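To start, the structure itself, in structure tokens.
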């Protein structure tokens, strides 16, 4: 009988303990719900700092709390502080889509493209039909300079969503970098069939044609863009180069003047102005432009600028300046044909032919293969009894 009473007492005590525990759990759950409710209200009103104070009172192992802490820090621009709670969420739930997405974005913000790529690849495994996830993988691979991987994922994106003009543009730019212009044209044509007025794609198409030296198509395309949009420096540059290649020099000058009027002062602009001016008969103007190009240049084009400057000085009979320009071009490039130009100018301008002879000989000893130049140099040496 005593044993039975003890059993009954034990059952009652257990019931009371279970009830107390249940009540405690309910209390904690209610407190958590209240914390989340308060935090959500504050976050809805963009009061993220105050929301973080409230969330700090919650359970540090609660996914809902951690996700909100991460979100607040993300929106406050505190990347590292946002990463930690999202990483804790993944330790508790390795397939949490929100944490994976947010972490991918945060890693990318910190230029940690390898980890960002890992997050988005994980998401593609969870949902292989999401073009968004595929595009994010392509974007991260592109930022990590893994062009072939990026191309694969952007193609996959377009297989899932042919209407994604951004993916088409990204894929086209990557193919441009690889000089796969035929493939660029296919990607652009397919994308424009869906979105025919997407200007970045039209510009990419024109860039591809420019690389393929289809200047007439570039001119038509850019002029169509200009009719439907504001004039930009990019359009003016592409038009100017195309007009230059088609020898429409008045329009070249118009494009370059537009660039100069908008304070785009660069050596290549001066160069195009110089060539166009000379071709239109204004050699003195060309001298001014070539001098500016040479003065501004610190690139491999410097030799070209000085060579053209020398030619323009020759055209006006200023051989001393032509010699200086050709010598500068040679000093920059060691291009042997410039020895020939130096020899000619010394030959024409100075009665003493010693320097001209020296340059003719140096030129003929070089491996330059310009037939007319070599024949002329040999003839001059023969005329002077040196050959």
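In the numbering used here, the protein residues as written are 2 to 388.
Note that CB positions come from ideal geometry on N, CA and C, so glycine has one too.
All figures in this text were calculated on a predicted structure; none of them were measured in a lab.
Assigned secondary structure, residue i (DSSP; H/G/I helix, E/B strand, else coil)
i, result
"residue 159", "helix"
"residue 77", "coil"
"residue 351", "coil"
"residue 47", "coil"
"residue 1", "Residue coverage of the chain in this structure runs from 2 to 388, which leaves residue 1 outside it and unanswerable."
"residue 196", "coil"
"residue 85", "helix"
"residue 153", "helix"
"residue 117", "helix"
"residue 385", "coil"
"residue 95", "coil"
"residue 137", "helix"
"residue 295", "helix"
Selected residue, minimal CA-CA separation from residue i, among the options
i, options, result
"residue 357", "364, 363 and 348", "348"
"residue 76", "58, 92, 106 and 55", "106"
"residue 124", "113, 288, 137 and 112", "137"
"residue 256", "223, 284 and 73", "223"
"residue 121", "112, 111 and 140", "140"
"residue 94", "68, 293, 112 and 39", "68"
"residue 128", "115, 103, 111 and 98", "98"
"residue 111", "92, 145 and 315", "145"
"residue 350", "329, 324, 333 and 338", "324"
"residue 362", "370, 378 and 178", "378"
"residue 193", "180, 207 and 181", "207"
"residue 328", "359, 343, 164 and 184", "343"
"residue 199", "164, 341 and 150", "164"
"residue 197", "353, 182 and 225", "225"
"residue 333", "117, 345 and 300", "300"
Proximal residues to residue i (C-beta, below 7 Å), its chain only, five neighbours per side dropped
i, result
"residue 162", "132"
"residue 154", "135, 138, 139 and 142"
Proximal residues to residue i (C-beta, below 8 Å), its chain only, five neighbours per side dropped
i, result
"residue 86", "67, 68, 70, 71 and 74"
Residue j beta carbon less than 8 Å from that of residue i
i, j, result
"residue 202", "residue 238", "no"
"residue 291", "residue 313", "yes"
"residue 277", "residue 242", "no"
"residue 268", "residue 297", "yes"
"residue 234", "residue 265", "yes"
"residue 40", "residue 55", "yes"
"residue 158", "residue 151", "no"
"residue 205", "residue 175", "no"
Same chain only: Cβ atoms within 6 Å of residue i, ignoring 5 sequence neighbours per side
i, result
"residue 330", "304, 307, 308 and 339"
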